[in-house]
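K.L.:
Counting in our numbering, the sequence shown runs from 49 upward without gaps. Just so you know, even glycine gets a beta-carbon here, dropped at the ideal spot from N, CA and C. For reference, the structure I am asking about is given below.
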Amino acid sequence: MSEPRSKAQHRRRRSRTALAVGVPLALTAAGTFTYGTDLGILGSSVQQASAAAPAWAADTADGFASVNSLGQNGTYGGRGGQIVTVTTQAELEKYATATQPYVIVVAGTINMNPVGKEIKVQSDKTIVGRGTAGHIVGGGFFLGQGVHNVIIRNLTIRDAYQGIWNDKDHDFDAIQMDGAHHVWIDHNDLRHMADGLIDVRKDSTNVTVSWNKLSDNNKTFGIGWTENVKTDITIHHNWIRETEQRNPSTDNAAHAHLYNNFLEDAPGTAIKSAYGNYSRGGTKMVLENSLFQGVKNPVIKDSGAAVVQRGNSFSGTSGRNESGGTAFDPKTYYPYSLDKAADLPAVLKSGAGPRASIGTTAATTKAAAATTLTVAQDGSGQYRTVQAAVNAVPANNPSRVVIAVKPGTYRELVKVPSNKPHVTIQGTGGSRKDTTIVYNNASGTPKPGGGTYGTGGSATVAVEADDFQARNLTISNDFDEKANQNIIKDQQAVALRTAADKVFLDGIIVSGDQDTLLLDTASKDRLGRVYVSNSYVIGNVDFIFGRATAVVDKSVITLKKRWNGTSAGYITAPSTAANRKGILIANSTVNGDVSAGSFYLGRPWHAGGDASLDPQTTVRNTNLSSAIKSTPWTDMSGFSWKDDRFAEYGNYGAGAGQASTNRPHLSDAQAANQEVGDWLAGWTPSAS
């Protein structure tokens, strides 16, 4: 939400019209990680699944498979369709080739007939092995032109090999795609095929290949076979061993992001590597924190291709190791975090390939019932990212799930969707500064699929689920205003957005510049109560704002200078619906290293020019520094603050002032009806 910049003037209307359902026009939803609807009661299947969908069925992809493009919002596979369990080729083919979405659980070994058959998978499918039991032997999968939103996970696909090493006659791949998009290949064991293990061809794009074992093969992984430069692909945390070539070979890829892969050519084995990562044609490749052990020609590139190397490690390698050219910044497309290259043997030997807990009823039920999920970047927890832990919370969970986040800086976007209530995100360090969730999107930041994020969509952490709590951590948006003067009018950069009821923010830091803390509701006619206590909120322009009924209690509001060193700003910008309570600041402190008389307490935000709104801010029993103006309220976008609800009571400090027509104070009787309890309306927040 912006400062007024030559906007059309509006005349305030005092009438209280019927409330229309909707969100402020200035806001857009942040949808990077969670898509569609979660699975509910399931219909019939080959083998009837449980009534509640297992947590893994709601998993969504990371990397380029998570990016919204081509009309597809991320990759979530068959989520929303029936879960079916298959044990024969006929059953697998029936559901994989169907037009409707399915989550297909492969519960045993399926021998393909004829050998080399590749089942033609259609869109909106998840194919997942039950534990480590799902094997496809002598064949694989093919994804044709336009096929999209496919997940292949936790399978062993093996043994189509026909006895000829560089086989030109048998194009038997484990997974081949020609013109597909939004595909996630995750935690599989792919080996000993006649041709390639994975082929990503003919402008296939938005592909993520993660946490797989790729071994015992001539051609590992080919990307390209097109004159166009369109493919966007992420390849991370794969263990590639005892393979000769294409590890991978990447031809004419627009964006190829390879990180945390372990390429191993062990001594004394029959298979010798010819080369490792190959950037060909017009490829732009970013290669980060990968480990090359014993590999010949570990990194090579064509003259017209680009390879940007960062943090890679080479042990016992020989031959070409090349880099050069300019590529791209993957973090402009999606968040990710890096493991150290030296840690990859331990990380991938234990973590790559099929996992016993995926697709097994007992293990899934146990995970879903857990009350605490741990997050740690070093792999010592159950999850390495906060979003991965949120994804593991079962839909419509009936009781609290605590996501315990170990100390560290988690550069990622986090969204808690509306169907995952009762979630607590809690830092486990000794200080709220020890655990930080941070990202740097702004309203005007370009989205990979076109357009910009908008104010609401810029949030580092977005909460849409009721009964949410955050504790003992920092949530930040570190968007650099000075470095982004090209979007001077759209520099709103939200750290935390809430659009839910009964949100308790206790002992946290919320840090940003413009529009730091967006306290909203699910719609204009929905109540959204937020209680912020014992916390720090930091910013400079409209940095506590929105439609919620919100209390900032026993907290410190820290005022920041702007990027150019000037002091000027606004603390609150409420957009309260008529007949609701807005923002209450109570029993707190307002301070900061800014000039005296430079900040307003607030101004009225009539989102989208909605004259039916009745913005409200009350500041009471609070220590105001000299930074506060003697006339602490001001107009916005043609709406007069005097037509809305702005008042003080019992404030003190250098920035406090006597009541006047330009500085209204509540009477004692009025103040008695504007206590914290009046705002919370029967809800008593308690830590849980």
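Among the residues of its own chain, which have a CB less than 6 Å from the CB of VAL248, if the five just before and after it don't count?
P.N.:
Answer for VAL248: MET225, VAL255 and ILE271, listed in chain order.
K.L.:
Taking C-beta to C-beta, are VAL176 and TYR150 nearer than 7 Å?
P.N.:
In this structure, TYR150 does not lie closer than 7 Å to VAL176 by Cβ.
K.L.:
Just the C-alpha distance for ALA424 and ALA436, rounded to the nearest angstrom, thanks.
P.N.:
Each residue's alpha carbon lies about 11 Å from the other.
K.L.:
Less than 7 Å between the C-beta atoms of PHE552 and PRO733, yes or no?
P.N.:
Their beta carbons are under 7 Å apart, which means PHE552 touches PRO733 by this criterion.
K.L.:
Taking the alpha-carbon positions, what's the ILE605 to SER674 distance?
P.N.:
Spanning the two alpha carbons is a distance of roughly 13 Å.
K.L.:
Establish whether the CB of GLY177 and some CB of chain D are separated by less than 7 Å.
P.N.:
Of the protein chains in the structure, only one exists, and it is not chain D.
K.L.:
Taking the straight line between their C-alpha atoms, what separation do you get for ASN582 and TRP273?
P.N.:
Roughly 58 Å separates the two Cα atoms.
K.L.:
Quick check on DSSP: helix, strand or coil for TYR83?
P.N.:
Low local confidence applies: a pLDDT of 22 at TYR83 is under 50, so the model's placement there is unreliable, with the coordinate-based value given in what follows. If DSSP states are grouped into helix, strand and coil, TYR83 belongs with coil.
K.L.:
Under 8 Å: do the region 570–579 and the region 603–622 share three or more Cβ pairs, one atom per stretch?
P.N.:
With a cut-off of 8 Å, the region 603–622 and the region 570–579 do not count as touching, because too few Cβ pairs lie within range.
K.L.:
When we look at the beta-carbon of ASP726 and count the other beta-carbons within 10 Å, is it buried (16 or more) or exposed?
P.N.:
Classification of ASP726: exposed, given that the 10 Å Cβ count is below 16.
K.L.:
Who are the near neighbours of THR76 in its chain, counting only those whose CB is closer than 8 Å to its CB and skipping five residues on each side?
P.N.:
With a pLDDT of only 25 at THR76, under the threshold of 50, the placement of this residue in the model should not be trusted; the figure read from the coordinates follows. For THR76, where only same-chain residues beyond five positions count, the Cβ hits under 8 Å are TYR501, GLY502, THR503, GLY504 and GLY505.
K.L.:
State the Cα-Cα distance for the pair SER646 and LEU396, rounded to the nearest angstrom.
P.N.:
When rounded, the distance between both Cα atoms is 54 Å.
K.L.:
With DSSP as the reference, label TRP727 as helix, strand or coil.
P.N.:
Three-state result, TRP727: helix.
K.L.:
Applying the 10 Å Cβ sphere with the 16-neighbour rule, what's the burial state of PRO652?
P.N.:
Buried is the call here.
K.L.:
Where SER708 and GLY640 are concerned, what is the direct C-alpha to C-alpha distance, given to the nearest angstrom?
P.N.:
Their Cα atoms are separated by approximately 26 Å.
K.L.:
Just to confirm, is the Cβ distance from SER258 to HIS229 under 7 Å?
P.N.:
For SER258 and HIS229, no; Cβs fall outside 7 Å.
K.L.:
I think ARG403 touches ASN202, with their Cβ atoms under 8 Å apart; what is that distance to the nearest whole Å?
P.N.:
So it is a contact: roughly 6 Å between Cβ atoms.
K.L.:
Helix, strand or coil for VAL542 per DSSP?
P.N.:
In the structure shown, VAL542 sits in coil (DSSP, three-state: anything other than H, G, I, E or B).
K.L.:
Can you give me the C-alpha to C-alpha distance between ARG312 and GLU166, rounded to a whole angstrom?
P.N.:
The question names Arg, but residue 312 in the sequence shown is Glu. Between GLU312 and GLU166, the C-alpha separation is close to 28 Å.
K.L.:
Using only the alpha-carbon positions, how far apart do PHE591 and VAL585 sit?
P.N.:
Cα to Cα, PHE591 sits roughly 8 Å from VAL585.
K.L.:
Using the Cβ count rule (16 or more neighbours within 10 Å means buried), how would you classify GLY492?
P.N.:
It is buried - the Cβ of GLY492 has at least 16 other Cβ atoms within 10 Å.
K.L.:
Taking 7 Å as the threshold (C-beta atoms), are ASP691 and ASN28 in contact?
P.N.:
The first residue shown for the chain is 49 and the last is 736, placing residue 28 beyond what the model contains.
K.L.:
Run through DSSP, which three-state label would TRP689 get?
P.N.:
Looking at TRP689 - three-state DSSP - the assignment turns out to be helix.
K.L.:
Going by DSSP in three states, PRO149 sits in which element: helix, strand or coil?
P.N.:
The answer is coil: DSSP assigns PRO149 none of H, G, I, E or B.
K.L.:
Ignore the nearest five residues each way along the sequence and tell me which others in ALA719's own chain have a CB closer than 8 Å to its CB.
P.N.:
Here the set comprises ARG668, TYR697 and GLY698.
K.L.:
Note down, in chain order, each residue of its chain lying with its Cβ closer than 7 Å to the Cβ of ASP683, except the 5 sequence neighbours on either side.
P.N.:
Same-chain partners within the cutoff: ARG651 and TRP689.
K.L.:
Among residues of its own chain, excluding the 5 on either side of THR374, which ones have a beta-carbon nearer than 8 Å to its beta-carbon?
P.N.:
Contacts found: LYS332, ALA354 and VAL356.
K.L.:
Do you know offhand how far LEU392's Cα is from GLY401's?
P.N.:
Taking the straight line from one Cα to the other gives about 14 Å.
K.L.:
Give the range of the beta strand (DSSP E) segment to which PRO393 is assigned.
P.N.:
Unbroken run through PRO393 is the alpha helix (DSSP H), 392–399; no beta strand (DSSP E).
K.L.:
Based on Cα-Cα distance, which residue from ALA490, ASN532, GLY617 and ARG432 lies nearest to SER643?
P.N.:
Measuring from the Cα of SER643, the nearest candidate turns out to be GLY617.
K.L.:
Apply the 10 Å Cβ neighbour rule to ASP217 and answer buried if 16 or more other Cβ atoms are within range, or exposed otherwise.
P.N.:
Under this definition ASP217 is an exposed residue.
K.L.:
So GLY188 packs on ASP221, CB below 8 Å; how close in whole Å?
P.N.:
Right, their Cβ atoms sit about 6 Å apart.
K.L.:
Based on Cα-Cα distance, which residue from VAL599, VAL638, GLY613 and ASP568 lies nearest to SER623?
P.N.:
Answer by Cα proximity: ASP568.
K.L.:
Could you spell out where the beta strand (DSSP E) holding TYR326 opens and where it closes?
P.N.:
Taken as a continuous stretch (DSSP letters only), the beta strand (DSSP E) holding TYR326 covers 325–328.
K.L.:
Which of helix, strand or coil does DSSP assign to TYR487?
P.N.:
Correct three-state label for TYR487: strand.
K.L.:
May I ask you to report which of helix, strand or coil DSSP gives ALA510?
P.N.:
If DSSP states are grouped into helix, strand and coil, ALA510 belongs with the strands.
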